[in-house]
Every structure is written in structure tokens, then in C-alpha cells.
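Asker: Residue numbers (this note's numbering), protein chains in the order written: chain A, 16 to 334; chain B, 953 to 1197.
Ideal Cβ placement from N, Cα and C applies to all residues, glycine included.
It should be emphasised that the depicted structure is a prediction, and the values quoted were computed from it without experimental measurement.
Got a structure here, written out as C-alpha cells. Questions coming.
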């Protein structure tokens, strides 16, 4: 029957086309504490109105409980153990892959001679400079494209086109343009950093919730105020995802770049080791790249936790 | 109502079309100063569009609209900025540096001052809606526009929120336009109830009932039956049924 009754009941949960994350979480959090039907209230007398709705609800734990940290560590530690056993029993000859013990020994040696710290410093410098240049470019481009229609038309199509070019393939061109010293290496890192940051920030700006923008206009925010209090904060989660991608890309770009005529850095150590079949040094260098990447990732995650404290997050189910 | 009532909102011949589809069609509307007006209508009848026009959020219109300078809106969803603390949401957009004491005063008025330093994500739906009301009131609006602000709340919370709005209105003395599709809500709160249909005000009823209002009083039941009839619902024989939303 096409009456207001059916219309009323049909629209009672707000039908937002794209509900903002907060609205969804608020409703999700409301559900257990404030049941929609009054008759359902007495069924949950223990759930008080003031119970913190954002607090995670834990499942009952099973009898046998392994701490999460141990469970997470079991995979990598197991792999190391297999590798160690394969090396000591001779299944894995040293010419193919050095044993983990050799790698650690080599790490101590190279640290003692100062070669490893110097290499890390040289590579870190390249990565940092390249990252800063790429991040600055990405920020400028994404803000221009995200905030201005003209900027979008000019920049976004070009970025889409350039992204189709695999950036690693630009190494020969960069060598032609910039020679073979530091510049092409830094440029490659900068380029690798620019794309993920650009697309995530731009996407974040463009996904700003129209309803929040309307509310911002209603409380009297001008254009600058809207950008500062509504648009940029809503782009922040995307920007941080972009930052994680960008940092891992920075190290990846560095690996490629340092294969070209490096006279310092981790890549230089690695190509030297290749000439003398020192698989322990090669493995060591790979491990250093990995550790540096993990450290960056960790830093971004710390940063995210600080900057996105306002966001309801999902930590996964289970104990 | 005193005799020296000023006209606060004056709408003459207002039209608004979206892609050739006329949503508001030469509509006339008057709201007196301090009056509480409820606007009823089916979903999609243009009542929210009218509210947006009065709020100044939609200007692609024809016709004359006169509204007071200071206007506030409470939307159906609270629309708080999730990245700002509750108190910061309340005073967002006010000139000058953010005044936490001011925000807390208004949060106290809607009864949730203890959440001033919380993130919006930690609030329940009803609490978030209260913050949204505090944000609307902190601007001391002359005209308060409410766009189905109780629509997403459960029945118990809704009752509390309705009483709160009635209190706030009496304390602040602002004019209120409440858009709703709940006949009882309209009759509980408003001085005057309008029914919108076909892009115009199709019917209007003075709700000259005593406050606080009694859902069971004969006048209330009669008015409700009349309004339901105007909305095209013919089940006055089952008078309590429309409470279930």
C-alpha cells in the first residue's frame, strides 16, 4: 500500500548513498547499546547506556592460548631454522646461499670495518633526498589537482599517462640525462615516490564526504576553512597509505638505481660481492634493505596511530 | 503568542527543479518569529530541498526567499567532523580562536558536557545528535532548521531528543522549522503543521494544543487523523499504528 506508513518504515535507517565512516561506526556502535525496538531493551539489561560503545568486545578465550607475539614470530623463526639446517647439513651449498651464521658473521665484520655503516648512510641519504623531492612534488601536484578543477584537468590526465610507463624502465633515459653519479639515483627514487603519494592524496581529497562539506559550509567555514577542517583531514588516511607505499617504493627504486655504477651504498656492496660470489654479503645487503624498509613502515604506522586516533579501526577478529 | 509578532521567514513563489523535474512549485511559506513549524510530507516531496534552500545551501532557485541572518541546521545524520574532538566540532566555524568553555556551556545544555574531549566515534547515535544540536545552538540562531533530526534514533532516544528540542526552543525563543515524516512528532512539538505535496504547502493546521502535549487527548487524536488523511492515509480507525516507524 503506497501510504506514508510504508514510506516511513522504508526509509527509517538513513539512506546515505555513501555514508561517511563515522556515521557507519556510530551506528554500528549504537546497535548493541540502543536496540531499535523498545521491546528489545529488557533483553540486555546489563548493557548500560553509558557503556563505551567504541570499546572492542573480546571473545571468550580458548583454554590453550599462545601469546600473539609468539604466534606471529613462529613463521619467520621457522624459516630461519630451515635455512640454517639446510646449510649445516650441506643440502644448501654456500655457492648458492650462505648459511645464516655466515651472514651474521659477515655483518659483524663489515660493521667493524665501517663498510656497512657507510653503505647504509650513503643509501639512506639517497633514499631520503629522493623521497623528499618526490613527496614535495606529489603534494604540490595532488593539492593542485584535488582542489582546483583546472588543476585536475591538466594534471590528473598526465599523471595517469605517466603512470602507465614503468618507472624502472626510465633508468637508461635518466643515465642519458643525468649521467651516472648521484642524480639519476635520486631522481629514480623521487619518481617512484611521487606516484603512490599523488594518487592516494588526490583520491583522498576527492573522496571528501559531500555531507560533511555541506555541514562545514553551514557552520560558516569559507573555502580555506573547508580545505583545512574538512577536505585535508579526510584525505589524511589515504595520504598515509600512500606514504607507506611511497617509502617501500623508495627502497625498491634505490635497489634498482644502485645497480648502476654505484661507488658507495648498499647496492655497491652487493655488486662487488656478486663479482666475488660472496653470497653472504648479498644476503646481508638484502636483509639490510628489508630491515630499513620495515623500519620505515613501522615509523609510518606509529605516525598513523597518532594522526588517525579519531578513526574507529578494525583490528581483526579472534583472540 | 504576543500580538507584535514579526514575520521571520517569508517565501514567495519559490520554485526549484532538478533536470526538468520540478520539486518545489511556486511555494509560499511564512514563519513568524519564535514560531515552531513542522513540515510533513512523503519522502521525496521536496521538504528537505525546501529546508536546504532556507539554509542557504541551495541557491539555484526562482522566487523570493527572506530569511534571518543567523541560521543553523541539524541534519538527519549528525555530520560531525570525525577528526575533531566533540567540543571542537561544536565551535567549528565560529570566528576567533576556538573557545572550549563556550562549547562546554552548550554541551551542558544538551546534557553531554562530559564528552567534550571525546572523539565523535565514541558517541552513540543519540549523543552525536545532541552534539549536532549544540553545534547548531552555539551560533544563537534566529532560525533553527531541523531536517528529520530524530529519524535515525531508536524510539526511546527519540522521545528524549524531542523533549530536549522542545526545551531548547522555549529557552532560546528562535523560530524552528522541523522537517519530518512523523505526524505525532510534528503534533508533539509544533505550533503549526504544514503538509507538503506536489511541491507546495497543500495543507496547514494550527496545533493549538496545550503544552506539554498529550498523545491521548481528543484534540490530538482528531488533528492526527486529519493530518494522516491529508497525507493520504486512511486508517484513523487504528490511531496508534503510525508510531511504529
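Cα-Cα, which of 988(B), 1013(B) and 965(B) is closest to residue 1129(B)?
Answerer: For the purposes of this step, residue 1129(B) is taken as the residue at position 177 of the second chain. Of the candidates 988(B), 1013(B) and 965(B), the one whose C-alpha sits nearest the C-alpha of residue 1129(B) is 988(B).
Asker: Check whether chain A comes within 9 Å of residue 1020(B), counting only Cβ atoms and requiring the distance to be less than that.
Answerer: The residue labelled residue 1020(B) in the question sits at position 68 within the second chain. Cβ-Cβ to chain A under 9 Å: no for residue 1020(B).
Asker: Residue ranges of each beta strand (DSSP E) run of no fewer than 3 residues wholly in the segment 972-996 of chain B, ordered along the chain?
Answerer: Here the runs fully enclosed are 973-984 and 988-992.
Asker: Roughly how many whole angstroms lie between the Cα atoms of residue 213(A) and residue 154(A)?
Answerer: Locating residue 213(A) in the first chain gives position 198, where the first residue counts as 1. Locating residue 154(A) in the first chain gives position 139, where the first residue counts as 1. When rounded, the distance between both Cα atoms is 7 Å.
Asker: May I ask you to report which of helix, strand or coil DSSP gives residue 1143(B)?
Answerer: Taking the first residue of the second chain as position 1, residue 1143(B) is located at position 191. Note: residue 1143(B) maps to coil in three-state DSSP.
Asker: Strictly below 7 Å CB to CB, what residues from chain A border residue 1035(B)?
Answerer: The sequence position of residue 1035(B) within the second chain is 83, counting from 1. Under the 7 Å cutoff, chain A gives 248 and 325.
Asker: Would you decide whether residue 165(A) is buried or exposed? Buried here means 16 or more other CB atoms lie within 10 Å of its CB.
Answerer: Indexing the first chain from 1 puts residue 165(A) at position 150. Exposed.
Asker: Looking at residue 311(A) and residue 266(A), is the spacing between their C-beta atoms short of 9 Å?
Answerer: Stepping through the first chain from its first residue, residue 266(A) is reached at position 251. Stepping through the first chain from its first residue, residue 311(A) is reached at position 296. Yes, the pair counts as a contact, with Cβ atoms nearer than the cut-off.
Asker: Leaving out the 5 sequence neighbours to the left and right, which residues in its chain are closer than 6 Å to residue 1093(B) when beta-carbon positions are compared?
Answerer: Residue mapping note: residue 1093(B) aligns to position 141 of the second chain, counting from 1. Closer than 6 Å at Cβ, skipping near neighbours: 1022, 1023, 1024 and 1126.
Asker: Taking 8 Å as the threshold, find out whether the segment 233-252 of chain A comes into contact with the segment 289-309 of chain A through three or more Cβ pairs.
Answerer: No: the two stretches stay apart, fewer than three of their Cβ pairs being nearer than 8 Å.
Asker: Classify residue 976(B): buried if its beta carbon has 16 or more other beta carbons within 10 angstroms, exposed otherwise.
Answerer: Translated into the one-based positions of the second chain, residue 976(B) becomes position 24. Answer is buried; the Cβ neighbour count reaches 16.
Asker: Quick one: what's got a C-beta closer than 6 Å to residue 117(A)'s C-beta in the same chain, skipping five residues either side?
Answerer: Position 102 of the first chain, counted from the first residue, corresponds to residue 117(A). Answer for residue 117(A): 295, listed in chain order.
Asker: Counting only runs that start and end within the segment 1057-1086 of chain B, where is the alpha helix (DSSP H) found for 4 or more residues in a row?
Answerer: Here no run is fully enclosed.
Asker: Applying the criterion that 16 or more other CB atoms from any shown protein chain within 10 Å of the CB defines a buried residue, is residue 243(A) buried or exposed?
Answerer: Stepping through the first chain from its first residue, residue 243(A) is reached at position 228. Residue 243(A) should be labelled exposed.
Asker: Kindly indicate which three-state DSSP category residue 323(A) falls into: helix, strand or coil?
Answerer: Locating residue 323(A) in the first chain gives position 308, where the first residue counts as 1. Of the three classes helix, strand and coil, the one that applies to residue 323(A) here is coil, per DSSP.
Asker: Tell me the DSSP secondary structure of residue 221(A) in three-state form.
Answerer: Here the question's residue 221(A) lines up with position 206 in the first chain. Looking at residue 221(A) - three-state DSSP - the assignment turns out to be helix.
Asker: From the DSSP secondary-structure annotation, give me the bridge partner or partners of residue 1014(B).
Answerer: In the second chain, residue 1014(B) corresponds to position 62, counting from 1. Note: residue 1014(B) sits in a beta bridge opposite 967(B).
Asker: Taking the alpha carbon of residue 1018(B) as the reference point, which residue from 1036(B), 1028(B) and 983(B) has its own alpha carbon closest?
Answerer: Numbered from its first residue, the second chain carries residue 1018(B) at position 66. With distances taken between Cα atoms, residue 1018(B) lies closest to 983(B).
Asker: Of the choices 1067(B), 1089(B), 1166(B) and 969(B), whose alpha-carbon is the least far from that of residue 1124(B)?
Answerer: Taking the first residue of the second chain as position 1, residue 1124(B) is located at position 172. For the residues 1067(B), 1089(B), 1166(B) and 969(B), the minimum Cα distance to residue 1124(B) belongs to 1089(B).
Asker: Taking all protein chains shown into account, do 16 or more other C-beta atoms lie within 10 angstroms of the C-beta of residue 94(A), making it buried, or fewer, making it exposed?
Answerer: For the purposes of this step, residue 94(A) is taken as residue 79 along the first chain, with counting starting at 1. So residue 94(A) counts as exposed.
Asker: Rounded to a whole number of angstroms, what is the C-alpha to C-alpha distance between residue 961(B) and residue 981(B)?
Answerer: Here residue 961(B) refers to the residue found at position 9 when the second chain is read from its first residue. Here residue 981(B) refers to the residue found at position 29 when the second chain is read from its first residue. Answer to the nearest angstrom: the Cα atoms are 7 Å apart.
Asker: Using a beta-carbon distance below 9 Å, is residue 244(A) in contact with chain B?
Answerer: The sequence position of residue 244(A) within the first chain is 229, counting from 1. True, the Cβ-Cβ gap to chain B drops below 9 Å.
Asker: For the segment 997-1019 of chain B, which residues have a beta carbon sitting closer than 9 Å to at least one beta carbon of chain A?
Answerer: If the cut-off is 9 Å between Cβ atoms, the segment 997-1019 of chain B has 1004, 1007, 1008 and 1009 near chain A.
Asker: Consult DSSP for residue 273(A) and reduce its assignment to one of helix, strand or coil.
Answerer: In the first chain, the residue the question calls residue 273(A) occupies position 258. If DSSP states are grouped into helix, strand and coil, residue 273(A) belongs with coil.
Asker: Rounded to the nearest angstrom, what separates residue 1033(B) and residue 229(A) at their Cα positions?
Answerer: Here residue 1033(B) refers to the residue found at position 81 of the second chain. Here residue 229(A) refers to the residue found at position 214 of the first chain. Those two C-alpha atoms are separated by around 11 Å.
Asker: What do you reckon, are the CB atoms on residue 1173(B) and residue 1157(B) nearer than 9 Å?
Answerer: By 1-based counting over the second chain, the position of residue 1173(B) is 221. By 1-based counting over the second chain, the position of residue 1157(B) is 205. No, these two residues do not count as a Cβ contact at 9 Å.
Asker: Identify the contact partners of residue 232(A) in chain B, using a Cβ-Cβ distance below 7 Å as the criterion.
Answerer: The count along the first chain starts at 1 and reaches residue 232(A) at position 217. The answer, in chain order, is 1009.
Asker: Specify the secondary structure class of residue 113(A) as computed by DSSP and reduced to three states.
Answerer: To locate residue 113(A), count along the first chain from 1; it is residue 98. In this structure, residue 113(A) counts as coil in the three-state DSSP scheme.
Asker: Throw me the rounded Cβ distance for the residue 1035(B) and residue 325(A) pair, which I believe falls under 8 Å.
Answerer: Taking the second chain and counting its residues from 1, the one referred to as residue 1035(B) is at position 83. Taking the first chain and counting its residues from 1, the one referred to as residue 325(A) is at position 310. Confirmed, Cβ separation roughly 5 Å.
Asker: With DSSP as the reference, label residue 264(A) as helix, strand or coil.
Answerer: Taking the first residue of the first chain as position 1, residue 264(A) is located at position 249. In this structure, residue 264(A) counts as helix in the three-state DSSP scheme.
Asker: Would you mind working out which of 968(B), 969(B) and 979(B) sits nearest residue 1153(B), comparing C-alpha positions?
Answerer: The sequence position of residue 1153(B) within the second chain is 201, counting from 1. Residue 979(B) is the option with its Cα nearest to residue 1153(B).
Asker: At least one CB of chain B closer than 9 Å to the CB of residue 251(A): is that the case?
Answerer: Position 236 of the first chain, counting from 1, holds the residue named residue 251(A). Interface residue, yes.
Asker: With a threshold of 9 Å between beta carbons, is residue 227(A) in contact with chain B?
Answerer: Residue mapping note: residue 227(A) aligns to position 212 of the first chain, counting from 1. Yes - at least one Cβ of chain B is within 9 Å of the one on residue 227(A).
Asker: Determine whether the Cβ of residue 61(A) lies closer than 9 Å to any Cβ atom of chain B.
Answerer: Working through the first chain from its first residue, we reach residue 61(A) at position 46. Low local confidence applies: a pLDDT of 45 at residue 61(A) is under 50, so the model's placement there is unreliable, with the coordinate-based value given in what follows. No, residue 61(A) does not count as interfacial toward chain B.
Asker: Thinking just about the alpha-carbon of each residue, which of 1175(B), 1183(B) and 1082(B) is nearest to the one in residue 1117(B)?
Answerer: Position 165 of the second chain, counted from the start, is the residue given in the question as residue 1117(B). Considering only alpha carbons, the answer is 1082(B).
Asker: Is there a Cβ from chain B that is less than 9 Å from the Cβ of residue 236(A)?
Answerer: For the purposes of this step, residue 236(A) is taken as residue 221 along the first chain, with counting starting at 1. Closer than 9 Å to some Cβ of chain B, the Cβ of residue 236(A) qualifies, so yes.
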